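Taking it in order: structure first as structure tokens, then the write-up.
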Amino acid sequence: MSPESFAFIAGLVKSRSGLVLTPDKGYMLETRLGPLLKRDGLASLDALATRLRDPRSAPLAEAVTEALTTNESSFFRDGKPFDHLRKVLPALARARPVGATLRIWSAACSTGQEAYSIAMLLQEISLDGRRAEIIGTDIAESVVARAREGFFTQFEVQRGLPARLLVKHFRQEDGRWRASPELRGMARFERGNLLGDLRSFGRFDVIFCRNVLIYFDAPTKSRVLNALAAQLQPDGVLYLGGAETVLGLTERLVPVAGERGAYERPRDTALAG
Ligand SMILES: C[S@@+](CC[C@H](N)C(=O)[O-])C[C@H]1O[C@@H](n2cnc3c(N)ncnc32)[C@H](O)[C@@H]1O
Numbered sequence: 001m002s003p004e005s006f007a008f009i010a011g012l013v014k015s016r017s018g019l020v021l022t023p024d025k026g027y028m029l030e031t032r033l034g035p036l037l038k039r040d041g042l043a044s045l046d047a048l049a050t051r052l053r054d055p056r057s058a059p060l061a062e063a064v065t066e067a068l069t070t071n072e073s074s075f076f077r078d079g080k081p082f083d084h085l086r087k088v089l090p091a092l093a094r095a096r097p098v099g100a101t102l103r104i105w106s107a108a109c110s111t112g113q114e115a116y117s118i119a120m121l122l123q124e125i126s127l128d129g130r131r132a133e134i135i136g137t138d139i140a141e142s143v144v145a146r147a148r149e150g151f152f153t154q155f156e157v158q159r160g161l162p163a164r165l166l167v168k169h170f171r172q173e174d175g176r177w178r179a180s181p182e183l184r185g186m187a188r189f190e191r192g193n194l195l196g197d198l199r200s201f202g203r204f205d206v207i208f209c210r211n212v213l214i215y216f217d218a219p220t221k222s223r224v225l226n227a228l229a230a231q232l233q234p235d236g237v238l239y240l241g242g243a244e245t246v247l248g249l250t251e252r253l254v255p256v257a258g259e260r261g262a263y264e265r266p267r268d269t270a271l272a273g
């Protein structure tokens, strides 16, 4: 592939998703885009770049972007955020009127392990007469569809899901494990791009946005963090991945004291609503 073709594809993917492809990722384009080349009868990545320059190629550009996302996830990933959530949710609930619905967002949800982990946690705590809804969003349609169906392989359920919760919330179906209808009913999944207008998703009490900012450059991280802060309730909590931070990227979020990976709105802006 020529450097021009690489730069064109990388620029297109970045503008659509924020994902940064450095020149050493040429091999990744070869392996991940191979099936698309075959599907569309394209002889090479150069031919793909030429096709993508055609303004009528938006669906192909979308497929290319999706193929270059990394969808790695696991149940109760990193543990700590879920321990923290278990602690703060009852207090957040008590701060809302009885009958209110707490809104929890798994942004960049991939195949749904994070959202279903939150759903299982909700089953084990009391919200004192308040309800909760979970929304999972991701830029990649294929993973959103998988999350919605709630099917997981043996390998996937072995990663982070305690046997007790597997038996309680999953059933074997067609050689895989499927989240129970009750668990699936607790989470809604839809397509959502973090670079898009996040206001349409509404305000959230809790946002998980983990292990996606690592793929963005600093200006994109700042933009997304500012947009997430605007969607977080004044007393809400944002969770980022272990290798992610708000420091040096936004002043609209600060670390929760003593809680790695948890962030909140600074008190003065929180009071401002
Ligand atoms: C590594 S997974 C993380 C999944 C989950 N949050 C976790 O921590 O286990 C990253 C996800 O981010 C999604 N993603 C990448 N760019 C995105 C964007 N601009 N908007 C929304 N999702 C995006 C990818 O499709 C992928 O499923």
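FYI, in UniProt numbering the residues of the sequence shown are 1 to 273.
For glycine and all other residues, C-beta sits at the position ideal for the given N, C-alpha and C.
Since the structure is predicted, the reported quantities are computational estimates derived from the model, not experimental observations.
By the neighbour-count criterion, in which a residue is buried when 16 or more other Cβ atoms sit within 10 angstroms of its Cβ, Thr220 is buried. If you check the C-beta of Gly18 against ligand 1, you find a heavy atom less than 7 Å away. If you ignore the 5 residues before and after Val224, its C-beta comes within less than 8 Å of the C-beta of Gly18, Leu194, Leu195, Cys209, Leu213 and Phe216, all in its own chain and listed in chain order. With fewer than 16 other CB atoms across the displayed protein chains lying within 10 angstroms of its CB, Phe155 is exposed. If you look at Tyr116, you'll find it in the alpha helix (DSSP H) that goes Gln113 to Leu122. Relative to ligand 1, the beta carbon of Arg188 is positioned no closer than 7 Å to any heavy atom. Shortest gap from the CB of Ala63 to any heavy atom of ligand 1: 7 Å or more. Leu12 has its CB no nearer than 7 Å to any heavy atom of ligand 1.
The C-alpha of Glu182 lies about 10 Å from the C-alpha of Met120.
In the DSSP assignment, Arg171 is bridged to Arg178. Per DSSP, Ala187 is one residue of the beta strand (DSSP E) stretching across Ala187 to Arg191. For Ala100, there is no enclosing alpha helix (DSSP H), since its DSSP letter is neither H nor E. Listed as beta-bridge partners of Glu133 by DSSP are Arg103. Within its own chain, the residues whose Cβ lies closer than 8 Å to the Cβ of Met28, once the five positions on either side in sequence are excluded, are Leu21 and Leu68, listed in chain order. The segment 228 to 246 makes no contact with the segment 134 to 144, as fewer than three CB pairs between them are under 8 Å. Beta-bridge pairing by DSSP links Pro255 to Tyr263. The nearest non-hydrogen atom of ligand 1 is 7 Å or more from the C-beta of Gln158. As the crow flies, the alpha-carbon of Val206 is around 34 Å from that of Leu60.
Separation of Arg32 and Arg252 (C-alpha to C-alpha, rounded to the nearest whole angstrom) is 36 Å. Arg148 and Met186 have their C-alpha atoms spaced approximately 11 Å apart.
With fewer than 16 other CB atoms across the displayed protein chains lying within 10 angstroms of its CB, Glu30 is exposed. Using a Cβ-Cβ distance cut-off of 8 Å, the segment 74 to 81 and the segment 100 to 111 are not in contact, since fewer than three pairs of beta carbons, one from each stretch, lie closer than that value. With contacts defined by Cβ atoms closer than 8 Å, Asp46 and Ser5 form a contacting pair.
DSSP assignment within the segment 208 to 246 yields the following whole beta strand (DSSP E) runs of 3 residues or more, N-terminal first: 232 to 240. Taken from the Cβ of Glu244, every heavy atom of ligand 1 lies 7 Å or farther away. A direct Cα-Cα distance of roughly 27 Å separates Ala100 from Leu165. Taking non-hydrogen atoms of ligand 1 into account, the C-beta of Asp197 is found less than 7 Å away from none of them. Secondary structure note for Leu21: it is in no alpha helix (DSSP H), with a DSSP letter that is neither H nor E.
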